[in-house]
Structures are given as C-alpha cells and as structure tokens.
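S.K.: The sequence shown maps to residues 1 to 693 in our numbering.
Starting off with a structure, shown below.
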Amino acid sequence: MKKLTLLIALLTSSVTLAQTPIDLSGYQKKSGTNVVRQKNSLEVSWPTTAQEKARLILNLDPAQPLFTSLQVTKQGAWKEIASALDPAFVLTIGKRDLISQNGWNIFFDKTNKKPHQSYAVELTKRSASVQTVGSRTVIRVGDVQAATFSGALEITVYTGTPLVNVAAVMATEVDSTAILYDAGLVTKKPVWNRIAWSDTENQMQGVPADLNQLNKAQAVKYRTIIGQSQAGSLAVFPAPHQYFYPLDEAFNLDFTWYGKNYRSLVPEFGIGIRQDLMGDKRWVPWVNAPPKTQQRLNFFCLLSADQPAPALEAVKKFTHGDSYKPVPGYKTMSSHFHNEFVMNVILAGKPVPENPNFVKVFKNAGVNIVHLAEFHYTAHPKGPDSLRLREMKALHDMCQRYSTADFLLLPGEEPNEFFGGHWLSFFPRPVTWIMDRKADKPFVTDDPQYGKVYRVGDKTDMLNLLKAENGLAWTAHARTKGSTGYPDKYKEEAFFTSDHFFGAAWKNIPADLSEPRLSRRVLDLMDDMANWGHKKHAIAEADIFTMEPENETYAHLNVNYLQLDRLPDYKQGWQPVLDAMRQGKFFVSTGEVLLPIFTVNGKGAGETATLPGNGETTVTLAVDWTYPLTFAEIISGDGKQVFRERIDLTNTLPFGKQTFAFKTNLKNRKWVRVEVWDAAVNGAFTQQVWLAD
Numbered sequence: 001m002k003k004l005t006l007l008i009a010l011l012t013s014s015v016t017l018a019q020t021p022i023d024l025s026g027y028q029k030k031s032g033t034n035v036v037r038q039k040n041s042l043e044v045s046w047p048t049t050a051q052e053k054a055r056l057i058l059n060l061d062p063a064q065p066l067f068t069s070l071q072v073t074k075q076g077a078w079k080e081i082a083s084a085l086d087p088a089f090v091l092t093i094g095k096r097d098l099i100s101q102n103g104w105n106i107f108f109d110k111t112n113k114k115p116h117q118s119y120a121v122e123l124t125k126r127s128a129s130v131q132t133v134g135s136r137t138v139i140r141v142g143d144v145q146a147a148t149f150s151g152a153l154e155i156t157v158y159t160g161t162p163l164v165n166v167a168a169v170m171a172t173e174v175d176s177t178a179i180l181y182d183a184g185l186v187t188k189k190p191v192w193n194r195i196a197w198s199d200t201e202n203q204m205q206g207v208p209a210d211l212n213q214l215n216k217a218q219a220v221k222y223r224t225i226i227g228q229s230q231a232g233s234l235a236v237f238p239a240p241h242q243y244f245y246p247l248d249e250a251f252n253l254d255f256t257w258y259g260k261n262y263r264s265l266v267p268e269f270g271i272g273i274r275q276d277l278m279g280d281k282r283w284v285p286w287v288n289a290p291p292k293t294q295q296r297l298n299f300f301c302l303l304s305a306d307q308p309a310p311a312l313e314a315v316k317k318f319t320h321g322d323s324y325k326p327v328p329g330y331k332t333m334s335s336h337f338h339n340e341f342v343m344n345v346i347l348a349g350k351p352v353p354e355n356p357n358f359v360k361v362f363k364n365a366g367v368n369i370v371h372l373a374e375f376h377y378t379a380h381p382k383g384p385d386s387l388r389l390r391e392m393k394a395l396h397d398m399c400q401r402y403s404t405a406d407f408l409l410l411p412g413e414e415p416n417e418f419f420g421g422h423w424l425s426f427f428p429r430p431v432t433w434i435m436d437r438k439a440d441k442p443f444v445t446d447d448p449q450y451g452k453v454y455r456v457g458d459k460t461d462m463l464n465l466l467k468a469e470n471g472l473a474w475t476a477h478a479r480t481k482g483s484t485g486y487p488d489k490y491k492e493e494a495f496f497t498s499d500h501f502f503g504a505a506w507k508n509i510p511a512d513l514s515e516p517r518l519s520r521r522v523l524d525l526m527d528d529m530a531n532w533g534h535k536k537h538a539i540a541e542a543d544i545f546t547m548e549p550e551n552e553t554y555a556h557l558n559v560n561y562l563q564l565d566r567l568p569d570y571k572q573g574w575q576p577v578l579d580a581m582r583q584g585k586f587f588v589s590t591g592e593v594l595l596p597i598f599t600v601n602g603k604g605a606g607e608t609a610t611l612p613g614n615g616e617t618t619v620t621l622a623v624d625w626t627y628p629l630t631f632a633e634i635i636s637g638d639g640k641q642v643f644r645e646r647i648d649l650t651n652t653l654p655f656g657k658q659t660f661a662f663k664t665n666l667k668n669r670k671w672v673r674v675e676v677w678d679a680a681v682n683g684a685f686t687q688q689v690w691l692a693d
C-alpha cells in the first residue's frame, strides 16, 4: 500500500511539474473577460455584443494544438466555429541596405534580389500569462523563435467584438535586417467543410476543404480567407494597411493561401495571409527590422456563427467596405497617382472609355477629389513645344471630361526640376507650362491655340509661376526615394519659405512592424518644419501607378478630409481645394479613424490660438473609429524641441464615436497637433494649431 501511495504521489508530482506556468497577476476580473485555468487548459471568454459572447480554449500541453476550441454564442447557445488549430508563421529574413542612401528610410532597395531565407516560427509552450489592457485581454505564450529572432506569441481579444489578433512578437540582435512574414491557422483534423473568399470582382467563391490539398496562393478582395464549418465561419485577414509594405504598384499579389505544406515549411492544412517575396518586381524594400525592435508578425481572426458571406461583411465593416466614409462638412481627396492614362491611352490612339477603370476605382473608394501626377518619365515636360502643349491639353481635357458634380479629377505633375529632389505641383485651374526656357524666350506668352503658356527655366521662374497662378508645390515622399535629403537641403530657399510651398506628403514608407503608427518619417518632418518657424503642412499621398479594380488599392491608399461643404465646378476652377490645403483645414486618415472636430481652446487646425499665461489648454477632439483605439498623442513644439503626451485609449470598444476633451499645458509652445492610432495601426492626424502668448 505504501508503494502504491508513493507511486501515485510521484505521478501527481510529475503531472504538476509538466504543467505550463500561467501568470494571472495582470488579469482584472472587472474587465468583463472571464479567464479560467484548468491544469494545462486556459479558457478565455468575453462579451462580443450586449447579448453574445466568444470563447477561446487554449491547450498549453506541448503535444496538443494551441487552440482546442474557438466558439461564439448565437442567441445565447455556444457554437464551436473551429477546433484543434495551431497558429503558423513563416518568417523570411533578408538584408537591408543601410549604406548607399538614407539608412532605415530607404525605398530603393531590392531586398528580394539579395540572399534571404525563410523559416517556420517554432512555438515552445514554456510559460503563459494573461493581462488586461483596457478593454482587451492579452494572452502571452512563450517562447517563439525563428533563426536569430525570438520572442513570444500574443493572442489579443477585444471586448465588444468576436475579433482576435494573433501575433508572434519577435526581435533580433542582427543589424541591417529586412523581413516579410506569412501567417495563418493550421490543423491535422478536418476542421472545415469549405474554404471561401471574395474574388476580385466582388463575388463569393469557395472550394471544399481537403486536408490533402497542396497549398495554393489565392487572389481575393478584402484581404480575407474564410474557413467554414458546420457551425459558422472563421475569417483570417491582416491589418489593412500595416501588413502591406510600400511598392510602386498596388497589384493584387495573391495575399491569402490555403492548403497543406505551405512554403514547404508548414506541413499541416491551413488558411492564412501571405506576401509575394518578389513584390511588384520594381523596388521591393520589404519591412524594416532594426535590432532589438519588437516586430509584431500578426493577423486577425473574426469568429462568426454565420455563413462566409455575412462573416466577410462583418470584416468589411472595419474598413467601411474599403471606402472612405463621408463626413459632413468634408470632402475626401487623394493625391499622387501615376496612372498615365493620357500617354498610355488617349495619345496612344486607344479607345477612350466613357467611364475608365481608374475613375471607377476612385469612386468606389469614396474619393471625391483626385490630384494626379501625370507624365512621370513618360512624356515631354521640356518640349518640343508641339508635344508638350498637346500633352497638357489632353490632360486638361481628360480631367474636365471625367469630373462631375460629385467627383473632381484634377491635373497635377511630379516635375522633379528646378528645386531639387521630387515634388508635386498643383494649380487651382488648368495651367499650361513648359519646363524649359531658353534665354531668348519670355516667361509667358499667348499661344493662338493653347492660350497662356509659361516657360520655366529655373527655381525663380518656378516660384514666379506658382505666384502668378496661385499654385502650390510640396515635397513628394520627403526624406526618401528621389527626395532623400529634402526638404532639409532647401529649407532656407525663397521658394520653400514662400506661402506657395505647402510642405510635404505622407505615405507609409518605410514599413516597420514594431511601430505603433505608420510613417514616422513624415510625421517627424511635420514637427521639424513647424519648429523651423514655417507654417507648413503634410498631405497624404498614395504614389502608386496603375489603378485597376482587381488591384489591392485600399491597402496602399490614404486620404485627406478637406473642410469643404461642396465640390467646386471644374469649369469654374478649384481654388477652394487649394485654400483648404494651404490653410491646414484638413486631417489625414487611413480611413478607419476619423477626426471631424479638432480645436485648441476653441481654435481649429490652421488657426492661431492664444494661450493663457499659465499655458492651461483644452484640446477637443471628436473621433470616429472602427477597430478599438490604442492611443492618442498630443504633439507640440517650442521652436527647438518636440514634446509628446501620449493618452491611452485602450478602454475604447470597436465602432465608436466620442468627443474627448484633453487637458494639457502648452506654456511656451508654438504649435500643437494630434494623432490617433488603433489596434490595427490604422490612424489619423490633424494639422497644426499655431500658438501665441
């Protein structure tokens, strides 16, 4: 009997030792999420609506799949959407060029052509913890490792939605590293009956789920692949913008996958998201991974008790169906498109459609105003006169033809002459000009066929043209690409200090998955320009080429919400558009976060607020969002330093609207602006309010 008792004790001790330690000290029961531990099992349930819930059951036994069960309720009854799943990540590690150009801000890097290697990320269930972070709950399971990268797995659930984020959070000590990742959920069991998606023509498609199906890259719309079971659907999709590193082309590169033996590294059957290592086969910079930075290789899952089509509709709500939501008192504007319709279609003698695809793409995305950047290395900006004038007339005629009462197509170019670096031009009416002036030619002439024609020979002429026609210029892709070193190099020039030099343009270059925001490069430049003492602004730019319905345009798109009650008539000119820009009467957004009201002691963006003697200030901000918010940041400057005040917003639920009144002290500051970022690293930022004592 003693021997039997001893044996039982030893076995019990062995089982106890085999249990993965779970730290619940950071979990708060009042959060609304319920966490229950039973030996090596961890059950996490949370409210998704006022009536419904979701539940994850995790198995920390190393020999078992991590996700024992994923469930939601339907009319109060639990439905198992999927079971026996493991997260899977493939990390591709390449080399970043930090020497030849501008360090980590580089775009002109062909990382895809350099030596690189892909690794399956390995999960070892050594420990686990649960932490309450506002309205979300984070389950952390360690360790994860791939080559020189190591870290932990983080699973985040969000109160108010059946949304789950799964992330391998990893860092490397190796310098000059660029990465890409693919990810998804895999299983050895017949979990799904069918795999479904929307094709690029917005039609639902699907195939039977077959565990023996070899992996297949699949082009989809809305970046989403769905596993359907008897009880419901599990949608897998990436962050809509953060996942997509900058490219010249927004091609649809088959961003999802399904099947077994993915990349010959993940043997099980699964569904997930992917990147094409070759990109658009132009400049392919991948994603920065500086040493010691916590790179979040992540994807989202949405649990649904419905069929794939309504499940996809639930996913689409997070991006307003990949369109820009109308906001009263604002019109949406996107800038910097090298569609080259004039040269490739109109002047090439091809049939000119009544409603071209590129116009359809913009309208479907809810863009009211498009500022083009035509003739990008395709035309004759310096002449001969006969060709340049013909090209400009074709551009102006095209813009007038496709502009309507609710859509403005506006001419613009990326001249890249006279100032240094790359820059964009924008005039409030059709302006005809040639980027060359011989000594014997006047600055302006009247042409019997084309009317007033300007000839520009240098930066002085260019500034005079901007003054004469009340135009604007700004630095394209500042501090990277062809504008590496700009506008810093010409910040003392007369054209830059002029009111006609607007500032710079913002786009997500470079990509970095450790950042809680997109494109710090231009946000930092905004602050630098303000501290230089100039009232300059930053407008969103897309800087992409072809615009076709099948492209993954939304991922690379961004928008400016201009304070305009109505669109101008093209024939009457569009001065109000430039006025709103010049005055800073706009905010920039990726689309998911909107900032319709922003005031500082009652003064709006572009205006000057007078500070009281003690500097006490109220920043009022109305925010409209889809994904739960993460933080707001009040950024200000005194002419030398930049000050940041981060405000935690993790208590927010998804799909909200709220007007915040932030109390802060801005004594001795010269300007202030605000950013807001969400759980998928989508965001929006205001322009500055200028401050006076």
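The beta carbon of each residue, even a glycine, is placed where N, CA and C say it ideally should be.
#1: Where does N202 land, buried or exposed, given buried means 16+ other C-beta within 10 angstroms?
#2: Give the DSSP-derived three-state secondary structure of T161 in the structure shown.
#3: So, does the stretch 238 to 256 touch the stretch 345 to 354, judging by three or more C-beta pairs under 8 Å?
#4: What residue from R282, F269, G485 has the CA that sits closest to K216's CA?
#5: Distance, Cα to Cα, Q307 vs G232?
#6: Please look up how many angstroms separate the CB atoms of R673 and Q658, rounded, as I've assumed it's under 8 Å.
#7: Check whether the stretch 129 to 138 and the stretch 156 to 163 touch, using three or more Cβ-Cβ pairs below 8 Å as the test.
#8: Ordered along the chain, which non-local residues of its own chain (more than five positions away) have a Cβ less than 8 Å from that of K79?
#9: Take R274 as the anchor and find which of G184, T111, L234, Q242 has the nearest alpha-carbon.
#10: Flag this pair as yes or no: are the beta carbons of A379 and S425 separated by less than 9 Å?
#11: In the DSSP assignment, find the alpha helix (DSSP H) that holds P308 and state where it starts and stops.
#12: From I8 to I22, what does the alpha carbon distance come to, in whole angstroms?
#13: Just the Cα atoms here: how many angstroms apart are K438 and V522?
#14: Whole angstroms are fine: how far does the CA of K53 sit from the CA of P487?
#15: Do the CB positions of I106 and P510 come within less than 9 Å of each other?
#16: Could you check what DSSP says for N470 in three-state terms: helix, strand or coil?
#17: What does the alpha-carbon distance come out to for the pair F108 and K667?
#18: Using a Cβ-Cβ cutoff of less than 6 Å, which residues in the same chain neighbour M1 once the five nearest sequence positions on both sides are dropped?
#19: Please report the residue range of the beta strand (DSSP E) in which E340 lies.
#20: Suppose you measure from the CA of F299 to the CA of V90; what does that come to, to the nearest Å?
#21: I need the boundaries of the alpha helix (DSSP H) containing K386, first residue and last residue.
#22: State the CB to CB distance for the pair G160 and P47, rounded to an integer number of angstroms; the pair is presumed to be in contact (CB under 8 Å).
#23: Could you check where the alpha helix (DSSP H) with M529 kicks off and where it finishes?
#24: Please state the DSSP three-state secondary structure of S127.
#25: Report the three-state DSSP secondary structure of N40 (helix, strand or coil).
#26: I believe L395 touches V342 by the beta-carbon criterion, under 8 Å. Please report the beta-carbon distance rounded to the nearest angstrom.
#27: Whose C-beta lies closer than 7 Å to the C-beta of L653 among residues of the same chain, with five residues either side of it excluded?
#28: For N288, I'd like the list of residues in its chain whose CB is within less than 6 Å of its CB, leaving aside the five on either flank, ordered along the chain.
#29: Beta carbon of L567, beta carbon of P428: below 9 Å?
#30: On the three-pair Cβ rule with 8 Å, is the stretch 369 to 386 touching the stretch 408 to 422?
#31: For the beta strand (DSSP E) containing V672, name the first residue and the last one.
#32: Applying the criterion that 16 or more other CB atoms from any shown protein chain within 10 Å of the CB defines a buried residue, is A50 buried or exposed?
#33: According to DSSP, which residues form a beta bridge with P87?
#34: Just to confirm, is the Cβ distance from G637 to R517 under 9 Å?
#35: Please return the same chain residues whose Cβ sits closer than 6 Å to the Cβ of L4, not counting the five positions on each side in sequence.
#36: Would you identify the three-state DSSP class for W104, choosing helix, strand or coil?
M.R.: Let me lay it out:
#1: By 1-based counting over the sequence shown, the position of residue 202 is 202. Answer is exposed; the Cβ neighbour count stays below 16.
#2: What you label residue 161 is simply residue 161 of the sequence shown in a count that begins at 1. In the structure shown, T161 sits in coil (DSSP, three-state: anything other than H, G, I, E or B).
#3: no
#4: Position 216 of the sequence shown, counting from 1, holds the residue named residue 216. The shortest C-alpha separation from K216 is found at F269.
#5: Position 307 of the sequence shown, counted from the first residue, corresponds to residue 307. Position 232 of the sequence shown, counted from the first residue, corresponds to residue 232. If I take the Cα positions, the gap works out to 6 Å.
#6: Along the sequence shown, one-based indexing puts residue 673 at 673. Along the sequence shown, one-based indexing puts residue 658 at 658. Not a contact, Cβ separation roughly 19 Å.
#7: yes
#8: Taking the sequence shown and counting its residues from 1, the one referred to as residue 79 is at position 79. Only Q71, V72, T73, A231, G232, A305 meet the Cβ criterion.
#9: Start at 1 with the first residue of the sequence shown, and residue 274 comes out as number 274. When each option's Cα is compared against that of R274, the closest is G184.
#10: Working through the sequence shown from its first residue, we reach residue 379 at position 379. Working through the sequence shown from its first residue, we reach residue 425 at position 425. Their beta carbons are not under 9 Å apart, which means A379 does not touch S425 by this criterion.
#11: Taking the first residue of the sequence shown as position 1, residue 308 is located at position 308. Residues 308 to 316.
#12: Taking the first residue of the sequence shown as position 1, residue 8 is located at position 8. Taking the first residue of the sequence shown as position 1, residue 22 is located at position 22. Annotation note: pLDDT 42 at I8 (below 50); position unreliable, coordinate value reported separately. Their backbone Cα atoms lie some 24 Å apart in a straight line.
#13: Position 438 of the sequence shown, counted from the first residue, corresponds to residue 438. Position 522 of the sequence shown, counted from the first residue, corresponds to residue 522. Roughly 37 Å between the two C-alpha positions.
#14: For the purposes of this step, residue 487 is identified with residue 487 of the sequence shown, where counting begins at 1. For the purposes of this step, residue 53 is identified with residue 53 of the sequence shown, where counting begins at 1. Answer to the nearest angstrom: the Cα atoms are 52 Å apart.
#15: Reading the sequence shown from its first residue, position 106 is the one you call residue 106. Reading the sequence shown from its first residue, position 510 is the one you call residue 510. Taking 9 Å as the Cβ cut-off, I106 and P510 qualify as a contacting pair.
#16: Taking the first residue of the sequence shown as position 1, residue 470 is located at position 470. N470: coil per DSSP, three-state reduction.
#17: Here residue 108 corresponds to residue number 108 of the sequence shown, with the count starting at 1. Here residue 667 corresponds to residue number 667 of the sequence shown, with the count starting at 1. Spanning the two alpha carbons is a distance of roughly 42 Å.
#18: Here residue 1 refers to the residue found at position 1 of the sequence shown. With a pLDDT of 46 at M1, under the threshold of 50, the modelled position of that residue is not reliable, and the figure given next carries that caveat. Hits under 6 Å: none found.
#19: As a working mapping, residue 340 is identified with position 340 in the sequence shown. Per DSSP, E340 belongs to no beta strand (DSSP E) and is neither H nor E.
#20: Stepping through the sequence shown from its first residue, residue 299 is reached at position 299. Stepping through the sequence shown from its first residue, residue 90 is reached at position 90. Roughly 12 Å between the two C-alpha positions.
#21: Within the sequence shown, numbered from 1, the residue matching residue 386 stands at position 386. Here the sequence assigns Ser to residue 386, which means Lys is not the residue at that position. First-last of the alpha helix (DSSP H) with S386: 385 to 402.
#22: Translated into the one-based positions of the sequence shown, residue 160 becomes position 160. Translated into the one-based positions of the sequence shown, residue 47 becomes position 47. With a Cβ gap of about 7 Å, G160 and P47 count as contacting.
#23: By one-based count along the sequence shown, residue 529 stands at place 529. Counting along the chain, the alpha helix (DSSP H) containing M529 begins and ends at 520 to 531.
#24: Translated into the one-based positions of the sequence shown, residue 127 becomes position 127. Correct three-state label for S127: strand.
#25: The residue labelled residue 40 in the question sits at position 40 within the sequence shown. Correct three-state label for N40: coil.
#26: Locating residue 395 in the sequence shown gives position 395, counting from the first residue. Locating residue 342 in the sequence shown gives position 342, counting from the first residue. L395 to V342, Cβ: 5 Å. Contact.
#27: Against the sequence shown, residue 653 aligns to sequence position 653. Contacts found: S135, T159, G160, P628.
#28: Here residue 288 refers to the residue found at position 288 of the sequence shown. Within the same chain, N288 has close Cβ partners W104, P510, D512.
#29: On the sequence shown, position 567 is the one that residue 567 refers to. On the sequence shown, position 428 is the one that residue 428 refers to. Cβ distance not < 9 Å, so L567 and P428 don't count as in contact.
#30: yes
#31: As a position in the sequence shown, residue 672 is number 672, starting the count at 1. Taken as a continuous stretch (DSSP letters only), the beta strand (DSSP E) holding V672 covers 671 to 678.
#32: By one-based count along the sequence shown, residue 50 stands at place 50. Counting Cβ neighbours within 10 Å, A50 comes out exposed, since fewer than 16 surround it.
#33: Within the sequence shown, residue 87 is the residue found at index 87, counting from 1. For P87, which the question treats as bridged, DSSP gives the partners L185.
#34: In the sequence shown, residue 637 corresponds to position 637, counting from 1. In the sequence shown, residue 517 corresponds to position 517, counting from 1. Not in contact: G637 and R517 (Cβ atoms no closer than 9 Å).
#35: Walking along the sequence shown from the start, residue 4 turns up at place 4. Its pLDDT being 43, under 50, L4 is placed unreliably by the model, and nothing is read from it.
#36: As a position in the sequence shown, residue 104 is number 104, starting the count at 1. W104: helix per DSSP, three-state reduction.
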